[in-house]
Every structure is written in structure tokens, then in C-alpha cells.
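Protein chains in written order, with this note's numbering: chain Z, -7 to 297; chain G, 224 to 549.
Glycine included, each C-beta is placed from N, C-alpha and C at the ideal position.
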Amino acid sequence: MLYFFEQCLNGVQLGMLLFLLAAGLTLVFGIMDLVNLAHGSLYMLGAYFAATFAVLTGSFVVAVILAVVASLVAGMVLEVVAIRRLYERSHLDQVLGTFGLILFFNELVRLIWGPAGMTLSLPPQMLAAIQIIPGVYYPAYRLVIILATLAVAALLYAVVMRTRLGMLIRAGASNREMVGALGINIKLLYTLVFGLGAALAGFAGVMQAPILTVQIGMGENILILAFVVIIIGGIGSIRGAFVAAIVVGFIDTVGRAFLPDMLQALISTNAAATLGPALSSMSIYVLMAVILVFRPEGLFPAASR
Amino acid sequence: MTASVDPALDTVSARPVTPRTVFTIVLLILLALLPVYSSLTSDVFLVTLFTRVLILSIGAVSLNLIMGYGGMVSFGHAVYLGIGGYAVGILAKEGIGSGFVQWPVAIAVSALYALVVGALSLRTRGVYFIMITLAFAQMIYYVAIGLDRYGGDDGLTIYKRSQFGIIDLSNKTLFYYLCFALLLGSIYLVARIVNSRFGHVIRGARSNDRRMRAIGFPTFRYKLVCFVIAGALCGLAGALLANHTNFISPALMHWTRSGDLIVMVVLGGLGSLFGPVIGAVTFLLLEEGLSRLTQYPDLILGPILLVVAIYLHGGIEALLEGRRRD
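Right under this line is the structure:
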């Protein structure tokens, strides 16, 4: 039971990270109509920035802040240099172009930081386990992730729903020509939105860095999970992304933890040991398939698309 | 997003000799003579490299059928390379070495999976379709990693190539020509398909799906059949690839392999019969050349793809014709 509780928390934690990635993807798609495969590269860059700044400054918190700022800047530069030219192209060309960017960034990271990968170590007070309810200990850092990502999600909500920038973002999502016609600098808005998405992805990478190794290609597998999230949630919908991210994170984690044991109860141990890992990694795709059968546009289809 | 004039329609009418035709014919002659050249210079690597080029060309030709002619941008096409390869590998490991069993199974299982994926993902359009095909391919990738009996993450060595009676596939030249013949066969098949009534429905659906349905074509079924044919053809390429490398691993169907196939098709020329072959040759030679030239090949390859996506509309084929399609 305690184990189950712990796994649930892990699921929520993964879900929150997926939300950070999916929110950026879905914002960029919703507003600029851009399929950005290179989103995972920004996640990877964020983690590398954090690991580097941690070595340079010696402080974890400062490194996190600097890394998010660096991701924001990297995203905006990328938008101005390359991404901007892809908006008017077909989705297929966008896939091709951003696929090229993934190759480029993976190789760039290998050139700058070397092929070995890095680690980002935590300050000692975050390494401890905290007793959250009597008898249940949970790693402090994972709690930090959950709280920090929740705070960012709330901030994102406030920005999108309560500020002028957010108003423009929402307006841009429903009719970009109109927003441009009303005298808003659309180019600048796009650069900002892409930078915002990059910062969110970078932040996700930073938060995940101490748990996993910082390595080349780290953004690619989680990017595909983020795709699954926005397909389930409905492309262009931040609310959908939030709900779907939690569901996917939860099912993936809990499935991996318990499905092999549950199978063992049904079939022979040997077969369960083979099938278990395979089936549990399939679970979220099956979920996606089922949802698509009933709601081809996802749970929360965005109005315009 | 949608081109106003369907470039695919070019392939129907007889055209005067263009640089494109000359280039295609020269390329085919070079491919046909390659083993001769290689045996004269005793450069065995060349045949190995180009066998791979031919096999991946078959994959690209099959992707072009759905993507170029049908407008279905599948980002999970390499999964059929994997399924075809694993069919051969698993059967070989279980002691069934006959190619007469292995290859039909590879094709049938690929077709079956394409049927499932197609039935689910063709309900969606545009970017959903791209991402869903990617996700379903990724699912099989993880399943393959979980197959401990067949090597899991590390893959599986195939000790014996498929047995076809007296035909010995371990003869490199023979295998090369088999792949070449199958490539020509695939192009012929695609040509017959796209110029048939069926193919016209598919191409019509690409231009305007709603109108096709309005005039009474159940386009979903047509597209699904097309999707299955492409999957089956790519499954055959997978079986060839497993025989070529004598090795299978989940890396066969890593999503970047699907990306490579898309690159080949777009680079060569979307919706043109020989475009995917030109694209595959160019891409694989570029990859090979760059990795000999520098330690960081993707640092150059990546921006090249970006530039192709931004500026080269219609691929090398269009470049050869001296005009831009779009």
C-alpha cells in the first residue's frame, strides 16, 4: 500500500514534467501552427546548461535559474535564425527541418560537452527523504519537482489568462491574421512564445537532470511521451495537456510498477517476466488508441482546429 | 499546406527527355553495373554499402506511396523495417530457416500491423496523424526492447540467411541483384498502383478528401488499403535488411530511422516514382561521406536538412527539372 502511494507520487511527478514539455509544444503548435520535433533538444540543452552552471557557480538554485534563462535565450535565437522560416511551410517540411535541428543539436552537444554525459548533484538538504504521512518517506527532491512544476503551471495559467501577453497569445491562437491586422507585432509575439516554450522545456530538463544522467538524446524519448500527451489532451489546449500529462505520467509509472506482478498472478512467472515490461510500456499507447477511437481530436479539442 | 497542382500527376503523361529522365537512367545503369565495378577494383565495401542503399530505397518507395501520393505523412514507417526484420530473426532463431516461410510472414505481419495502425490513425488528420504513427511505431520499439528471448536491447544475430533452395543469399553479388530486382519491382508496383483507378482515388483524396467523399468514394477504405500495401512493402525491405546485416535490434525501428525515410523521400522528390531512390542514394552517400570527412557529421547534415526543408520545394527531382514545385 505504501509502495503504491509512493508510485502514485512518482506518477504525478512524471506527469508534471510531461506537462512542462507538452505545454510548450502545444502553445507553439496552437499559435504558430508549427510541429516542433526539436522541442526535446531544448529540454536536453536545459539540462546541460544546468549541469554546467552548477559546476561554475557551485549553487544548485542559481544554476537552475541561469539554465532557464539560457534556454529562453537559446529558444528565441533559434526562432529568429531558423524556426521563423518554417511557419509558412507544410507540416512535412517542418518535420524535416526540425528533424535536422535534432541531429544538429545532438552533435553540437557532443562537440561542446563531449559524448560522456554529465551529472548534476543536488544540495544535501534535497537528498534527504521526508516523512510526508506517518510511515511514508519520500525523496525531498521529488517533492521539490512536484511543487516547482505546479508553481510553474500556475504561473503559466496566470500569464496566459490574466496578462496582456496572455491575451495576445490566446488571440493569436484563435486568429493570427486578425491579431496582426490590429497592429500587434506578430513576429515579436512568435519569438516570445517560442522562447516561452523553450524555457518550459529547459526547466523540465533542469528538474529531471539530477534524477537521470544528463546525456545526448535524453530529450527524444520523453518528447514522444509529450506527443502522446498532447494527442490525448487535444493539440493546442493547455488544459488538455495538463489533464493528459497527469493521466499519462500516472499510468506509465504505475503500469511499470505493478503490471508485471499482476500478470504473474494470471499466467506463469516465466511468461509474465517476458510480457510484463513489454505490456507495461505499451499501456499508454493503448490508452491513446482507445481515446482516439472515441475522441479523434483528443479530450479537449481546441476550438479553431 | 496543400499544393494547388498535384505534382504526382506528372508521372502519367509521356514527357520529352528532361535532365531528370537522363539522370534517372544514368543512376539506374550505375546501380546495375556497381557489382562489376566493385569486383574489378575488389572493393567489397561498395557492394555492402549499396545493398543497404537499395534496401532502404525500397522502404522509401513504399513510404512515398502513402506520403507522396496519398498525403499520409507517416512518421513511423521504420516500424515495418523492424517488424519484417524481427519476423526473419525470430523464425531463424526458432529453427525455421526457409525464406519461403520467413519472407511471407514478414510481409503478412507488417501488413497486419499496418492494418491496425491505419484503422486507428486514419481517423485523424494532419499533425495528429504524424504523431500517432510515431507513437505506434515507438510502441513496437519498446516491445522489441522487452523481448528478452530475442536479445532485448542488444539485438539478435542471425546466423543463417533465409534459405531459398539452391539460391544462396550469402553470395553478396547475388543478394545485391536480388535487392535491385525487388527495388525495380516495387517501383513498377507503385507505378501500376498510382496510375490505376485505385491510385487516382488515393491522389484525389490527397488533393481534396471531402470532395472525393462527396462524389461517393469511401476514401477511408481506399487510404487504409494503400497504407497496408505500403506497410507490407516496407516489411519486405525489413526482411531484406535483416538478411543483409545478419543482425536485428530495436535500433532498426528507432524513430530516427523513420525520420531518415522521410528525409529520403522529401530529399528525392515527393510523389515521384524514382524520387525516393534518388533521395536514398543522396542521403546515404552524404551520410557516409560526411562521416569520413569529419567526426561530427550531423553538425553539417542537420543544417542541410533544414535548408532543404526551407528552400528546396519538391526535392532533387524538381531541381533537375529546373523548376520549383509548390
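Original post:
Taking Cβ to Cβ, would you say Phe398 (chain G) is nearer than 9 Å to Phe323 (chain G)?
Top reply: no
Subject >> Tyr149 (chain Z): first and last residue of the uninterrupted alpha helix (DSSP H) it sits in >> reply: Ala132 to Arg154
Subject >> Environment of Asn177 (chain Z) [buried if 16+ CB atoms lie within 10 Å] >> reply: exposed
Original post:
What residues from the segment 332 to 365 of chain G come within 7 Å of chain Z, judged by C-beta to C-beta, listed N to C?
Top reply: Leu343, Arg346, Thr347, Gly349, Val350, Tyr351, Ile353, Met354, Ile355, Leu357, Ala358, Phe359, Gln361, Met362 and Tyr365
Original post:
From Ala39 (chain Z) to Ala121 (chain Z), what does the alpha carbon distance come to, in whole angstroms?
Top reply: 23 Å
Original post:
Who are Ala414 (chain G)'s beta bridge partners in DSSP?
Top reply: Beta-bridge pairing links Ala414 (chain G) to no other residue.
Original post:
Does the segment 211 to 219 of chain Z come close enough to the segment 16 to 34 of chain Z that 3 or more CB-CB pairs lie under 8 Å?
Top reply: yes
Original post:
What three-state label does DSSP hand Met(-7) (chain Z) in the structure shown?
Top reply: coil
Original post:
Which two residues bound the contiguous alpha helix (DSSP H) that contains Ala453 (chain G)?
Top reply: Thr442 to Thr468
Original post:
Val20 (chain Z): buried (16+ other C-beta within 10 angstroms of its C-beta) or exposed?
Top reply: buried
Original post:
Secondary structure at Leu204 (chain Z), three-state DSSP: helix, strand or coil?
Top reply: coil
Subject >> CA-to-CA distance, Val504 (chain G) to Ser173 (chain Z), given in whole angstroms >> reply: In the sequence as displayed, the identity of residue 173 (chain Z) is Ala instead of Ser. Ala173 (chain Z) and Val504 (chain G): Cα-Cα distance of roughly 46 Å.
Original post:
What is the DSSP secondary structure of Ala30 (chain Z), reduced to helix, strand or coil?
Top reply: coil
Original post:
Which residues mark the beginning and the end of the beta strand (DSSP E) in which Ile389 (chain G) is found?
Top reply: Per DSSP, Ile389 (chain G) belongs to no beta strand (DSSP E) and is neither H nor E.
**OP:** Take the Cβ of Pro107 (chain Z) as the centre, count every other Cβ of all protein chains shown within 10 Å, and call the residue buried at 16 or more, exposed below.
**Re:** exposed
**OP:** Return the first residue and the last residue of the alpha helix (DSSP H) that Ala315 (chain G) is part of.
**Re:** Ala301 to Lys316
Original post:
With Val185 (chain Z) and Met24 (chain Z) assumed to form a contact (beta carbons below 8 Å), what rounded beta-carbon distance in angstroms separates them?
Top reply: 7 Å
Original post:
Between the segment 288 to 301 of chain G and the segment 472 to 490 of chain G, do three or more beta carbon pairs fall short of 8 Å?
Top reply: yes
Original post:
For Ser273 (chain Z) and chain G, any beta-carbon pair shorter than 9 Å?
Top reply: yes
Original post:
Among all the DSSP beta bridges, which residues are the ones paired with Ile122 (chain Z)?
Top reply: Z:Tyr130
**OP:** Alpha carbon to alpha carbon, how far is Ala281 (chain Z) from Gly294 (chain G)? Give it in angstroms, no decimals.
**Re:** 22 Å
**OP:** Can you have a look at Phe(-4) (chain Z) and say buried or exposed, based on whether 16 or more other CB atoms are within 10 angstroms of its CB?
**Re:** exposed
Original post:
Which residues share a DSSP beta bridge with Leu215 (chain Z)?
Top reply: In DSSP, Leu215 (chain Z) forms no bridge with anything.
**OP:** Check whether the Cβ atoms of Ser273 (chain Z) and Gly369 (chain G) lie closer than 9 Å to each other.
**Re:** yes
Original post:
Which value, in whole angstroms, describes the spacing of the CA atoms of Met118 (chain Z) and Ala15 (chain Z)?
Top reply: 27 Å
Original post:
From Z:Ala146, Z:Ser63 and Z:Thr49, pick the residue whose C-alpha is nearest to that of Val198 (chain Z); which is it?
Top reply: Z:Ser63
**OP:** May I ask you to report which of helix, strand or coil DSSP gives Met8 (chain Z)?
**Re:** helix
Original post:
From the DSSP output, which residues share a beta bridge with Ser321 (chain G)?
Top reply: G:Gln386
Original post:
In angstroms, rounded to a whole number, what distance separates the CA positions of Phe300 (chain Z) and Tyr519 (chain G)?
Top reply: Residue 300 (chain Z) lies beyond the stretch modelled for chain Z, which goes from -7 to 297, so this question has no answer here.
**OP:** Would you mind telling me which residues of chain G sit closer than 8 Å to Asp244 (chain Z), beta carbon to beta carbon, in chain order?
**Re:** Simply none; closest approach about 11 Å.
Original post:
If you measure beta-carbon to beta-carbon, which residues of the segment 511 to 525 of chain G are closer than 9 Å to chain Z?
Top reply: Gln518, Tyr519, Pro520, Asp521, Leu522, Ile523, Leu524 and Gly525
Original post:
To the nearest angstrom, how far is it from the Cα of Ser393 (chain G) to the Cα of Arg384 (chain G)?
Top reply: 7 Å
**OP:** Kindly identify the DSSP beta-bridge partner or partners of Thr241 (chain G).
**Re:** None; Thr241 (chain G) has no bridge partner.
Subject >> Contact set between Phe298 (chain G) and chain Z, taken where Cβ atoms lie within less than 8 Å >> reply: Val87
Subject >> Simplified DSSP assignment, three categories, for Met295 (chain G) >> reply: coil
Original post:
For chain G, is any of its Cβ atoms less than 9 Å away from the one on Tyr40 (chain Z)?
Top reply: no
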